[in-house]
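Structure first, commentary second.
2 protein chains.
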Amino acid sequence: MERVVIDQIASWEGQQVELRGWLYNKRSSGKLHFLQLRDGTGVIQCVVFRDEVTPEVFAQCDHLGQESSLRVRGEVRRDVRSPLGFELSVRGVEVLQAAEGYPISPKEHGVAFLMEQRHLWLRSARPHAVLRVRAEVLRACRDYMDRGGFTPIDAPIFTPAACEGTSTLFETEYFDQKAYLTQSGQLYMEAAAMAFGRVYCLGPTFRAEKSKTRRHLTEFWMIEPEMAFCELAEDMDVAEGLVFHVVQWVLERCKSELRTLERDLAPLEKVRLPFPRISYDQALAQLKEKGSDIEWGQDLGGDDETLLSFGYDSPVLVHRYPAQVKAFYMKGDSQDSRLALCVDMLAPEGYGEIVGGGQREDQLEVLEAKIAAHGLPREAFAWYLDLRRYGSVPHAGFGMGIERVVAWLCGLHHVRETIPFPRTMLQLYP
Amino acid sequence: MERVVIDQIASWEGQQVELRGWLYNKRSSGKLHFLQLRDGTGVIQCVVFRDEVTPEVFAQCDHLGQESSLRVRGEVRRDVRSPLGFELSVRGVEVLQAAEGYPISPKEHGVAFLMEQRHLWLRSARPHAVLRVRAEVLRACRDYMDRGGFTPIDAPIFTPAACEGTSTLFETEYFDQKAYLTQSGQLYMEAAAMAFGRVYCLGPTFRAEKSKTRRHLTEFWMIEPEMAFCELAEDMDVAEGLVFHVVQWVLERCKSELRTLERDLAPLEKVRLPFPRISYDQALAQLKEKGSDIEWGQDLGGDDETLLSFGYDSPVLVHRYPAQVKAFYMKGDSQDSRLALCVDMLAPEGYGEIVGGGQREDQLEVLEAKIAAHGLPREAFAWYLDLRRYGSVPHAGFGMGIERVVAWLCGLHHVRETIPFPRTMLQLYP
Numbered sequence: 001m002e003r004v005v006i007d008q009i010a011s012w013e014g015q016q017v018e019l020r021g022w023l024y025n026k027r028s029s030g031k032l033h034f035l036q037l038r039d040g041t042g043v044i045q046c047v048v049f050r051d052e053v054t055p056e057v058f059a060q061c062d063h064l065g066q067e068s069s070l071r072v073r074g075e076v077r078r079d080v081r082s083p084l085g086f087e088l089s090v091r092g093v094e095v096l097q098a099a100e101g102y103p104i105s106p107k108e109h110g111v112a113f114l115m116e117q118r119h120l121w122l123r124s125a126r127p128h129a130v131l132r133v134r135a136e137v138l139r140a141c142r143d144y145m146d147r148g149g150f151t152p153i154d155a156p157i158f159t160p161a162a163c164e165g166t167s168t169l170f171e172t173e174y175f176d177q178k179a180y181l182t183q184s185g186q187l188y189m190e191a192a193a194m195a196f197g198r199v200y201c202l203g204p205t206f207r208a209e210k211s212k213t214r215r216h217l218t219e220f221w222m223i224e225p226e227m228a229f230c231e232l233a234e235d236m237d238v239a240e241g242l243v244f245h246v247v248q249w250v251l252e253r254c255k256s257e258l259r260t261l262e263r264d265l266a267p268l269e270k271v272r273l274p275f276p277r278i279s280y281d282q283a284l285a286q287l288k289e290k291g292s293d294i295e296w297g298q299d300l301g302g303d304d305e306t307l308l309s310f311g312y313d314s315p316v317l318v319h320r321y322p323a324q325v326k327a328f329y330m331k332g333d334s335q336d337s338r339l340a341l342c343v344d345m346l347a348p349e350g351y352g353e354i355v356g357g358g359q360r361e362d363q364l365e366v367l368e369a370k371i372a373a374h375g376l377p378r379e380a381f382a383w384y385l386d387l388r389r390y391g392s393v394p395h396a397g398f399g400m401g402i403e404r405v406v407a408w409l410c411g412l413h414h415v416r417e418t419i420p421f422p423r424t425m426l427q428l429y430p
Numbered sequence: 001m002e003r004v005v006i007d008q009i010a011s012w013e014g015q016q017v018e019l020r021g022w023l024y025n026k027r028s029s030g031k032l033h034f035l036q037l038r039d040g041t042g043v044i045q046c047v048v049f050r051d052e053v054t055p056e057v058f059a060q061c062d063h064l065g066q067e068s069s070l071r072v073r074g075e076v077r078r079d080v081r082s083p084l085g086f087e088l089s090v091r092g093v094e095v096l097q098a099a100e101g102y103p104i105s106p107k108e109h110g111v112a113f114l115m116e117q118r119h120l121w122l123r124s125a126r127p128h129a130v131l132r133v134r135a136e137v138l139r140a141c142r143d144y145m146d147r148g149g150f151t152p153i154d155a156p157i158f159t160p161a162a163c164e165g166t167s168t169l170f171e172t173e174y175f176d177q178k179a180y181l182t183q184s185g186q187l188y189m190e191a192a193a194m195a196f197g198r199v200y201c202l203g204p205t206f207r208a209e210k211s212k213t214r215r216h217l218t219e220f221w222m223i224e225p226e227m228a229f230c231e232l233a234e235d236m237d238v239a240e241g242l243v244f245h246v247v248q249w250v251l252e253r254c255k256s257e258l259r260t261l262e263r264d265l266a267p268l269e270k271v272r273l274p275f276p277r278i279s280y281d282q283a284l285a286q287l288k289e290k291g292s293d294i295e296w297g298q299d300l301g302g303d304d305e306t307l308l309s310f311g312y313d314s315p316v317l318v319h320r321y322p323a324q325v326k327a328f329y330m331k332g333d334s335q336d337s338r339l340a341l342c343v344d345m346l347a348p349e350g351y352g353e354i355v356g357g358g359q360r361e362d363q364l365e366v367l368e369a370k371i372a373a374h375g376l377p378r379e380a381f382a383w384y385l386d387l388r389r390y391g392s393v394p395h396a397g398f399g400m401g402i403e404r405v406v407a408w409l410c411g412l413h414h415v416r417e418t419i420p421f422p423r424t425m426l427q428l429y430p
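Respectively, the protein sequence lines represent chains A and B. Numbered per our numbering, the first sequence finishes at 430, counting up by one with no gaps. Numbered per our numbering, the second sequence finishes at 430, counting up by one with no gaps.
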C-alpha cells in the first residue's frame, strides 16, 4: 500500500493509502471516532466507523492519547467541509506508541510554559505555521540574491576583535587567546565584495544584550548583502527590492499559514514599490508634528520608529542620520559633514527597524582617523584598512534581521516565536 | 553608457560599455597595454592602443599597480584566443585608486602567508574558484532538500549541555550561567522532525579540537537532515542521493572553476548510483586483506578510510559499526546487539568521511539506560527524552560536512581553503 504524506493527498482520491503521523485531536460518538492526524505536512481527519474496522481497533481508538504515533490505512475521500478538502475513511490503525499525558493540551497555556516545552510546542498549529513562514522568508532571500548575481559567502563566527564595542559581546577561550562571537558579518563581506563584486552572508549573529524587550534575542539570523561599486541610492534600491520580494513570496506561498495565524492580509497587500524615502531631518519634522520631543542628533527610539511607521503603508526608508549615532565605518555625507550616508528601514504597523545599512567609508585616511576617534584597536582593523589601501571603491550594504521580518509578516508581538529554539537573556533551554 | 559585468559580456558584442573592477595583471609593449581586469564575475583582457586613447590615459596605464580600482570604457570585441571569448577595445580608463605594493603578486607565496592575507587572497583565481564551488555545493544541498519535502529549521548555536562529551566544546559565559557552542544540530532536528516530518539545518558548528590535521576546522558548516518514520536503509538512500546530486550539480555548473583548479574531472564523472554499501565487518575484512592491523571493535582511522576508499569509484557507505565506538543516541541493531544502526560515507580518492549518521534510539527505557551508561547529565536531556515519551517513531538522519565535500570536489589537500575565513587552532585572523 502506498505511503503518502498529507499535503500530497489530493493525488490519491479514491485510493487506499497509508498515512503515518501523530494524533492531534480526537472526537468520538457512539459508533464513530474522528481522529485528527498530523504528519508535519498537514492535518487530515480520519473517520473510524465501528462497522468498518475490527472491534479491537475501534476499542483502541477510544483510549488514544494526544500525540500517540500511528500508522493509519484507509481510502481517500473528497470532503468539501474540511479545510484540506479530503478525509480518510479508515480501514486499519496501528499504534506505534500510545502517548499519555502530553503536556500541551488543546486548552490555553502561558507562553513561559510553552517556551519551556519548545521541543514539543513546535508540533502545535501556530508555531508550525510561523516556522513555515520563516522557511519561506529564507528561501525568498536566497532567491532574490541569486537573481541579483550575489555570491553567498559565509562570514566567520569567531572573530578576534569587537566590531561595535565590547559590552554586548559573547567571549570564549580560544586555545591560548580570546575570541568573540560575531555581531555582524559586514566587515568580512566588505573584503569579499572586493573579490566577488556582490556577496551576501546569511547566518547566526550574537548580541549579549541585557535586554528583555520583545525585539531582542541573543542569537538571531541576519542576511547581509554587500556590493562593490555601489552608493547609498542603489543600496536602498536593493534593500527595498529584497523586502518587497520577500513580502510577495510569502503572500503567494503562505496563505494557509497566515490564515492559521489569523494574520490580517490587508496591510501586507498594501505594500508597494517604491517605498517612501525620507531623510532623518524630514523624519524629525514628522515626529515633532506628532508630538515627539526628540532633538536633532538623537537616534530614533522604538517609540519614534513606531510613530513614524504608522504614517506609511509600505516600509519607510530613513536615510542620512547624524554620524554621531552611527558606527565608525559609515561614510560621511559630502553635502553635510554632520551626516552619515546610512539608511534604516522601518516596517509598517509598528514593527520597527528591519534593515540597517549604508555606504562604507572608502578613504584610508578618513577611516584611520575614525578608528582612532572611536578608540578602537588599530591592529585588529589592519586587514580592514587594507581594503582601502588596495583598490578601494565606493561600496555599500545592509543587514536585514530575519526574525523581525518574520514577526512583522506573521503579525507576532514577540520575536522569540519566529526562531525554532529562541535564546534570550532568560532562555537557554531546551 | 551601459554598466556591464564581465560574465554578461557576450550580450554586448560590438557595443560600447563601462566595466568596473580591479587590475589583476598587466603586460605592455611599446604602443600597447594589455590590462587584465577582474570584477568578481570574471576576468577580461582590456587592450589599450596608444593611438586610441589620450596620451594621459596611456601614460597612466604604464604605472598602474596590481589591484588598482578602475572604470574602463570601450567596445566589446569577439576574441577566440581568450578563455572568455571576448576582449575590450579600450577608449577610456578612469583610475579610482592607484594601488601600490599589493602584497600578493602573481609569483608563488607560502600558504601561511596567504592565510594571513585571506581578506585579499580571496581575489586570486584559485580561492575565488574554490568559493564559487562552495556556493554551488550549498545551493545544490538546499535544492535537493527542497525537492525532497524537507523544511529548513535553524538549530540553536548556544546549547545548555554537551551532546558528545565536553572536552572539545567552546564555552561562554551566558549571563549567570554557562553556554556551549553547538557541535551538531541533530538533537534539535529530532525534535523538529516530530513536528515537520522531514527537516534539515545548514549552519556553522564548532569543535575545540586541538588538532592540526588537514581535515579539521574549529568552525565548520554541516547540513543535517532528519526524518521521522525513517530507518537506516532509507537514511542511506537520502545520503547517497544528496551527495550524488551535489556532484552532478557542480560538474554541470562549475566547469570553469574546476578547470582553474586543474581538477581532474574523470574521478568525479565516474561517481554512479547506487553507491556501494558494505558493513563494518566487510570493511574490516577488506582492510585486513590490504594489510591493516585494525581489530574488531576499533573505529576506522583516517588511514583505514583512505585505504578503503581507494577500492571504489563512488563514495562507499560503511554501516553497522560496533556500538562502543558510536554516540549514545544510536539505535542498536536488533540482529546483533553489538552493532549500531549507523553509517559513515567515505569519499573516493582518500578524502575520508563526508557523511556520518544513522537511526536514532527511539525507545525511552533504552535511551535512558544509555544516557546513564555514558555518564551524561539526565536533566540536560529531559527534553530529548520527551521525544520518546510522546509519540516516538523510528527516525534517522545524518550530517554532511560542507568543507570536506568541497575539498573533495575541488581536489584540495586541506579543508582550510574551502571556507571563506578559516578558523583553526592556529588561525583566528583576519
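Cβ atoms here follow ideal geometry from the backbone N, Cα and C, with glycine treated the same way.
- Query: What residue does the beta strand (DSSP E) around lysine 178/A start on, and which one ends it?
  - Reply: 177 to 181 is the extent of the beta strand (DSSP E) around lysine 178/A.
- Message: At the 9 angstroms Cβ level, is glutamine 177/B part of the contact set with chain D, yes or no?
- Response: Looking at the structure shown, chain D is missing, and the protein chains on hand are A and B.
- Minimum Cβ-Cβ distance from serine 229/B to chain A less than 9 angstroms: The question names serine, but residue 229/B in the sequence shown is phenylalanine. With respect to chain A, the C-beta atom of phenylalanine 229/B has a partner C-beta closer than 9 angstroms.
- Task: Figure out for me which residue from Glu190/B, Arg123/B, Cys61/B, Gly401/B has the closest Cα to the Cα of tryptophan 383/B.
- Result: That would be Glu190/B, whose Cα lies nearest to the Cα of tryptophan 383/B.
- Task: Report the neighbours of arginine 132/B on chain A: residues whose CB is nearer than 9 angstroms to its CB, in chain order.
- Result: Correct list: Thr151, Phe196.
- Query: How many Å lie between arginine 214/B and histidine 414/B at the Cα?
  - Reply: Straight-line spacing of the CA atoms in arginine 214/B and histidine 414/B works out to 5 angstroms.
- Message: Contact criterion: CB-CB distance below 9 angstroms. Does tyrosine 188/B meet it with respect to chain A?
- Response: Closer than 9 angstroms to some Cβ of chain A, the Cβ of tyrosine 188/B qualifies, so yes.
- Task: Could you say which of Ile6/A, Lys178/A, Lys26/A lies nearest to valine 17/A if we only look at CA atoms?
- Result: Nearest to valine 17/A by C-alpha distance, out of Ile6/A, Lys178/A, Lys26/A, is Ile6/A.
- Run down chain A in chain order and give the residues with a C-beta less than 7 angstroms from the C-beta of isoleucine 157/B. Per Cβ cutoff of 7 angstroms: Pro204, Glu219.
- Should glycine 241/B and leucine 273/B be called a contact, given that it needs their Cβ atoms to be closer than 9 angstroms? Yes, they are a contact pair.
- Message: Please state the DSSP three-state secondary structure of proline 103/B.
- Response: Reduced to three states, the DSSP call for proline 103/B is coil.
- If you measure from the beta carbon of arginine 20/B to each beta carbon in chain A, is any gap under 9 angstroms? So, interface residue.
- Since arginine 71/B contacts arginine 123/B with CB under 8 angstroms, what's their CB separation in whole angstroms? That belief does not hold up - the Cβ atoms of arginine 71/B and arginine 123/B are roughly 18 angstroms apart, past 8 angstroms.
- Would you say glutamine 359/B reaches chain A, if we count a Cβ-Cβ gap shorter than 9 angstroms as a contact? Under the 9 angstroms criterion on CB atoms, glutamine 359/B is classed as non-interfacial with respect to chain A.
- Query: Secondary structure at leucine 70/A, three-state DSSP: helix, strand or coil?
  - Reply: Leucine 70/A falls in the strand class under three-state DSSP.
- Give a yes or no on whether 9 angstroms exceeds the smallest Cβ distance from leucine 88/A to chain B. Judged by the 9 angstroms Cβ criterion, leucine 88/A is not in contact with chain B.
- Residues of chain A with a CB under 9 angstroms from the CB of phenylalanine 171/B: which are they? Reading off the sequence shown, one finds glutamate at residue 171/B, where the question assumed phenylalanine. For glutamate 171/B, the neighbours in chain A by C-beta distance under 9 angstroms run, in chain order, Thr172, Glu173.
- Query: According to DSSP, what are the bridge partners of phenylalanine 34/A?
  - Reply: Residue pairing by DSSP places phenylalanine 34/A opposite Arg27/A, Val47/A in a beta bridge.
- Just to confirm, are leucine 232/A and threonine 205/A a CB contact at a threshold of 9 angstroms? Contact flag unset, no.
- Query: Whose CA, out of Arg388/B, Asp344/B, Val130/B, lies closest to the CA of glutamate 361/B?
  - Reply: The residue with the shortest Cα to Cα distance from glutamate 361/B is Arg388/B.
- Could I get the ranges of all uninterrupted alpha helix (DSSP H) runs contained in the region 295 to 377 of chain B, with 4 residues as the minimum, in chain order? List check, alpha helix (DSSP H) in window: 302 to 309, 364 to 373.
- Item | Rounded distance between the beta-carbons of isoleucine 44/B and glutamate 13/B, thought under 8 angstroms | Their Cβ separation, rounded to whole angstroms, is 13 angstroms, which puts glutamate 13/B and isoleucine 44/B out of contact at 8 angstroms.
- Item | Straight-line Cα distance separating glutamate 289/A from alanine 193/A | Put simply, the backbone Cα of alanine 193/A is about 41 angstroms away from that of glutamate 289/A.
- Message: Counting only C-beta atoms, is histidine 109/B closer than 9 angstroms to chain A at any point?
- Response: Histidine 109/B does not count as touching chain A.
- Excluding the five sequence neighbours on either side, which residues of its own chain have a C-beta within less than 8 angstroms of the C-beta of leucine 32/B, listed in chain order? For leucine 32/B, same chain residues with a beta-carbon under 8 angstroms away, outside a window of 5 residues either side, are Val47, Val48, Phe49, Arg50 in chain order.
- Query: Residue ranges of each alpha helix (DSSP H) run of no fewer than 4 residues wholly in the region 265 to 291 of chain B, ordered along the chain?
  - Reply: Counting whole runs of 4 or more residues, the region 265 to 291 of chain B contains the alpha helix (DSSP H) stretches 266 to 269, 280 to 289.
- Would you mind sorting alanine 369/A into buried or exposed? The rule is 16 or more other CB atoms within 10 Å of its CB. Alanine 369/A comes out exposed.
- Beta bridge counterpart(s) of leucine 202/A as assigned by DSSP: In the DSSP output, where bridge partners are listed per residue, leucine 202/A has Ile223/A.
- Message: Taking its Cβ as the centre, do 16 or more other Cβ atoms sit within 10 Å of phenylalanine 175/A, making it buried, or is it exposed?
- Response: That one is exposed.
- Task: Grab me the residues of lysine 26/B's own chain with a C-beta within less than 6 angstroms of its C-beta, minus the 5 sequence neighbours each way, in chain order.
- Result: Cβ neighbours of lysine 26/B beyond the five flanking positions: Leu35.
- Message: Between which residues of its own chain and glutamate 171/A is the CB-CB distance below 7 angstroms, once the five residues before and five after are set aside?
- Response: Hits under 7 angstroms: Lys178, Tyr180.
- Message: Quick check on leucine 387/B: does DSSP put it in helix, strand or coil?
- Response: If DSSP states are grouped into helix, strand and coil, leucine 387/B belongs with the helices.
- Query: Does any residue of chain B bring its CB to less than 9 angstroms from the CB of aspartate 39/A?
  - Reply: By this cut-off, aspartate 39/A is an interface position.
- Tell me whether methionine 115/B is buried or exposed, calling it buried when 16 or more other Cβ atoms sit within 10 Å of its Cβ. Counting of Cβ neighbours within 10 angstroms places methionine 115/B among the buried residues, the total reaching 16 or more.
- Query: Quick one, which residues of the region 96 to 120 of chain A are near chain B if we go by CB-CB under 7 angstroms, in chain order?
  - Reply: Listed by position, the residues of the region 96 to 120 of chain A near chain B (Cβ gap below 7 angstroms) are Leu96, Gln97, Ala99, Tyr102, His119, Leu120.
- Message: Quick check on DSSP: helix, strand or coil for glutamate 18/A?
- Response: DSSP places glutamate 18/A in the strand class (E or B) of the three-state scheme.
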